[in-house]
C-alpha cells in the first residue's frame, strides 16, 4: 500500500484561530481602564495623605477612601484582562469575564431594586446624607461635596435645614459651646447678587427661626426631595449614563469570551497536530 504523503508541518503550525484584532483590542481596552484605575488610586491616596487625621467612622463617607477602593478593584479586574489577553491565558480571561459579568449584574440589580423599592432606597439615601451631616467638619472633601450639592440643588440638610442640628458644631442644645451653635453651612444661604466676597456666616442661628423667617435667608427644603425630583426630571440623562457604563462592560465580556473560545480552538488544533505527527499515514 502506498504511503499517503505528509502535509507540510509549517502550514498547519502557522495557522491560528486566535484573531490578533480581538486579542489586542481587548488588551488595549483593558490597558485604558488600567491606567485610569492607577490614576484613581494615586489621587485617592494623595487626597487621603493630605488630610488631617479623621475619625474612623468617617471612612464610610470619605470620598478619598471610596476612590481608592474603586480604583483598586478596577486595577485588579483590568490586570486580569490585560495579562490574560496578552498571554492568551484562559484562567485570567475567565476570571475577568466572570467578575465583569458579576459587576454588570449587580449594577442592574441595584437599579431595578432601587426603582421597585423606592421607599427603602429613599431611606438608605437619607441615612447616608444624615451620616455625612454628622461628619461634615471631619473631612474637607466631604465638606466640599456637601456644599456643592446644597448649592447645586438649592437645598439644606436631608429633610429640612434643621437636620444640621445632628452635627455637633451646629447642634442647637444650650450646652453646645460652639460658635456655630444653631447655624447652618454657608452653602444653605440664598445667593446674593453681585456678591464679591462669600459671607460664610450667613447661616448663623438660622435653625432657631421658623420656616417662613428662615426661608428669607437660606434654603429650607431638604436635599432628599430635591434629589428625587431631579432624578425624575432627568431619567433620560441617567439612562444615557447607565448605558454608557454598560456598553464598555458588555464589550469587555463579549471580547473576552470570543478570545477564550478562539484559544480553546487553537489548543484543540495543537493537540490534533501533536497526535498526528507520529502517524506514518498523516
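Numbering (this note's numbering), first residue to last: 3 to 284.
Even glycine gets a Cβ: it sits at the ideal position worked out from N, Cα and C.
Values in this document were obtained by computation on a predicted structure and should not be read as measured data.
The residue among 233, 24, 73, 140 with its C-alpha nearest the C-alpha of residue 86 is 24. Residue 64 and residue 46 have their C-alpha atoms roughly 10 Å apart.
The residues 139, 180, 182, in chain order, have a CB closer than 7 Å to that of residue 171 in the same chain once the five nearest residues on each side in sequence are set aside. The straight-line gap separating the alpha-carbon atoms of residue 220 and residue 166 is approximately 13 Å. Counting only residues of its own chain and dropping the five nearest sequence neighbours on each side, residue 231 has no CB closer than 7 Å to any other CB. Residue 194: not part of any alpha helix (DSSP H); DSSP gives it neither H nor E.
Residue 242 and residue 114 have their alpha carbons spaced roughly 16 Å apart.
The continuous alpha helix (DSSP H) containing residue 154 extends over residues 142 to 155. Leaving aside the five residues that flank residue 101 on each side, the residues in its chain whose CB is nearer than 8 Å to its CB run, in chain order, 79, 82. Your pair residue 77 and residue 39 checks out as a contact, with CB atoms roughly 4 Å apart and the cut at 8 Å.
Note that the C-beta distance between residue 224 and residue 162 is below 8 Å.
The C-alpha of residue 187 lies about 8 Å from the C-alpha of residue 149. Taking 8 Å as the cut-off, the beta carbon of residue 168 is found no closer than this to the beta carbon of residue 185. In the DSSP assignment, residue 223 forms a beta bridge with 162. Closest option to residue 125, judged by alpha-carbon separation, among 237, 146, 256, 229: 229. The three-state secondary structure of residue 175, taken from DSSP, is coil.
Per DSSP, the unbroken alpha helix (DSSP H) holding residue 279 starts and ends at 237 to 279. Between residue 33 and residue 69, the C-beta gap is not smaller than 8 Å, which leaves the two residues out of contact. The DSSP-derived three-state label of residue 81 is helix. Residue 182 carries a coil assignment under DSSP once its states are collapsed to helix, strand and coil. Contact annotation: residue 251 and residue 31 have beta-carbon atoms that are not nearer than 8 Å.
Per DSSP, residue 187 lies in no alpha helix (DSSP H) and is assigned neither H nor E. By the Cβ neighbour-count rule, residue 199 is exposed, with fewer than 16 other Cβ atoms within 10 Å of its own.
Secondary structure at residue 129: helix, using DSSP grouped into helix, strand and coil. The residue among 175, 233, 146, 37 with its C-alpha nearest the C-alpha of residue 190 is 146. The continuous alpha helix (DSSP H) containing residue 44 extends over residues 22 to 51. Contact annotation, residue 258 with residue 95: C-beta distance approximately 5 Å; criterion of less than 8 Å satisfied. For residue 217, no alpha helix (DSSP H) segment is defined, and its DSSP state is neither H nor E. When DSSP states are grouped into helix, strand and coil, residue 124 belongs to the helix group.
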